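What follows is a short report on a single structure.
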Amino acid sequence: MTERYPMIVAGEERPSAATIEVRDKYTGQTFAEVCAAEPPDVERAIAAAHAARPAMAALTARHRSDIIRAAAGILDSRRERLALAIAREAGKPLKYAAFEVERTVENLEYCAEEAKRIHGETVPLDAAKSGAGAFGWYERHPAGVVAAISPFNFPLNLAAHKLGPAVAAGCPVILKPASATPLSGIELVRAFVEAGLPAGAVSCLPGSGEAVGDPLVSDPRVAKVSFTGSRAVGERIVRRAGLKRVTMELGGNCGVAVDEAVPDLALAARRCVFGAFYNQGQVCISVQRIFVHRAVYDVFLEQFLAETAKLKVGDPTDKDTDIGPVISEAEAVRIESWIAEARSQGARILCGGTREGSVVRPAVIAEAERDMRVMRDEIFGPVVVINPADSFEQAVAAVDDSEYGLQAGVFTGDIGRALRAVRRIDVGGIAINDVPTVRFDHMPYGGNKGSGLGREGARFAIEEMTTIRMVVVNRAP
Ligand code: NAP
């Protein structure tokens, strides 16, 4: 039976004539319907959020922390239902969907803790020649209404990366979830309403980018846009948002450099398989390009292919599945065409790449050239390129040779080489002896170059949702 979900406007569950069908990404069947927001709903949500600013700002740090912790507890009590919803709406293998719920709870717990630590500091104004007798401090205040726009690939946790910090900072927040995966967003906002947020302070508005996203980001009552998604949509939002605070968490095309001197090459290969194919490669920090020192290239490749062959491809609601469908058949067709293009340009497809509906078998490509699409652009699918490099330094340079700069990984037993790689690669995060796909929800996270503006991770996201107010006191008579 098709379950019907309401939207949530200013804390109230509301019906709507317009609906979005939510498909099970493996079977293709519609299993839920979500009420879609129309222009009057968007207006009500913005007006209510704007009006709720004083009530949100008046909550004590303790109270904000308690609300976030309560929301985390509510989600935790529903973890099995949520994991299944994610597995179906996103096609995410159940074990990873369950991990996403667990991370979301932990992520909100960090926000609850950080909500008690939002403070400014004193500033020694008498360091200035003209500052004798002056002293001062800065305070942090809520930035105002936050528009939170989230992508499909981590539909619960990436929305929580916006709602948790917004509530911690004392900001009303309106979530626009991805149209392919709206259920997680509704469940998240429901939990915050049940946890006791002031009336009007939170909404979840399912709907398309044009119908909901555009009016949200361009409204002058919205003070801050927190967006996670593709570079193309991020650029459009920045253009429309005008003079607003924006945090942009955009795409990636992460690389890994593997040295000849690696303490455990088999472990490196196993981690790279995970990094390349986790969530069918639909992870902004997925491993897309691997450059391996020629001395160990053949062994690494053999280990990588053997490990890939073990992956179980199929129904994401099966607890043993490693690889489910990508988000839509259209995306699967696109991914398949990029692989075919690489083949026609001379690359070798060592395994996978075949498609059945929206399931693409994990593909390993060798001898791809730097200007091929599979090397240059973000593929966002279960596809990885593994190329040899003449030296570790050459591998590191190749990792950095990208318009994207989200994260990177280096495997080496030489600490000096590892630290040189940290200085050399222009990314927002780098893993030593691990894949770029590692992310802990309280670390500063965000890309350099074409991968973003601003940082997420509990404390860092909260800071981005506050404004600073400097207070200057002149003691001189
Ligand atoms: P997307 O197509 O850019 O969509 C992201 C969100 O933006 C969705 O909610 C989408 O709504 C919305 N949107 C579309 N047009 C809009 C508009 N004009 N105004 C406002 N919002 C609009 O991205 P996706 O396909 O969901 O996610 C994949 C991308 O996200 C990849 O590039 C991936 O690397 C990136 N990502 C980055 C991070 C990070 O932390 N850096 C994390 C995860 C994913 P609809 O669904 O209704 O179109």
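Just so we're aligned: 355 in the working numbering is position 252 of the sequence shown, and the numbers increase by one with no gaps anywhere. Yeah, the Cβ is synthetic: ideal placement off N, Cα and C, and Gly gets one too. As the structure is a prediction and not an experimental result, all values here were calculated from the model.
Confirm, please, whether the CB-CB distance from residue j to residue i is below 8 Å.
i           : j           : result
residue 454 : residue 414 : no
residue 550 : residue 509 : yes
residue 139 : residue 299 : no
residue 248 : residue 275 : yes
residue 259 : residue 203 : yes
residue 365 : residue 514 : yes
residue 472 : residue 507 : no
residue 211 : residue 174 : yes
residue 164 : residue 219 : yes
residue 403 : residue 361 : yes
residue 68  : residue 265 : Nothing in the structure corresponds to residue 68, since the chain is present only between 104 and 580.
residue 325 : residue 556 : no
residue 145 : residue 108 : no
residue 378 : residue 538 : yes
residue 296 : residue 176 : no
residue 420 : residue 191 : yes
residue 288 : residue 253 : yes
What do you reckon, is the C-beta of residue i under 7 Å from a heavy atom of ligand 1?
i           : result
residue 422 : no
residue 317 : yes
residue 138 : no
residue 300 : no
residue 281 : yes
residue 340 : yes
residue 407 : no
residue 336 : yes
residue 209 : no
residue 308 : no
residue 180 : no
residue 312 : yes
residue 554 : yes
residue 482 : no
residue 390 : no
Starting from residue i, trace the beta strand (DSSP E) in both directions and tell me its first and last residue.
i           : result
residue 570 : 569 to 577
residue 375 : Counting along the chain, residue 375 falls outside any beta strand (DSSP E), though it belongs to the alpha helix (DSSP H) covering 368 to 380.
residue 497 : Not the beta strand (DSSP E): residue 497 falls in the alpha helix (DSSP H), residues 495 to 503.
residue 534 : 532 to 535
residue 352 : 348 to 352
residue 224 : 224 to 226
residue 117 : 115 to 117
Given residue i, which residues of its chain have a CB within under 8 Å of its CB, disregarding the five upstream and five downstream residues?
i           : result
residue 410 : 372, 373 and 376
residue 576 : 237, 238 and 239
residue 426 : 196, 380, 383, 414, 415, 416, 417, 462, 464, 465 and 485
residue 565 : 214, 217, 218, 221, 268, 271 and 272
residue 245 : 156, 159, 160, 272, 273, 274, 568, 569 and 570
Please return the same chain residues whose Cβ sits closer than 6 Å to the Cβ of residue i, not counting the five positions on each side in sequence.
i           : result
residue 560 : 545, 546, 547 and 548
residue 225 : 240
Per DSSP, residue i is paired with what?
i           : result
residue 458 : 463
residue 490 : 394
residue 136 : 107 and 124
residue 365 : Paired residues: none, contrary to the question.
Where do the ends of the alpha helix (DSSP H) carrying residue i lie?
i           : result
residue 198 : 197 to 217
residue 433 : 432 to 447
Beta-carbon within less than 7 Å of residue i's beta-carbon, same chain only, minus the 5 sequence neighbours each way: which residues are those?
i           : result
residue 322 : 149
residue 104 : none
residue 493 : 397
residue 118 : 109 and 138
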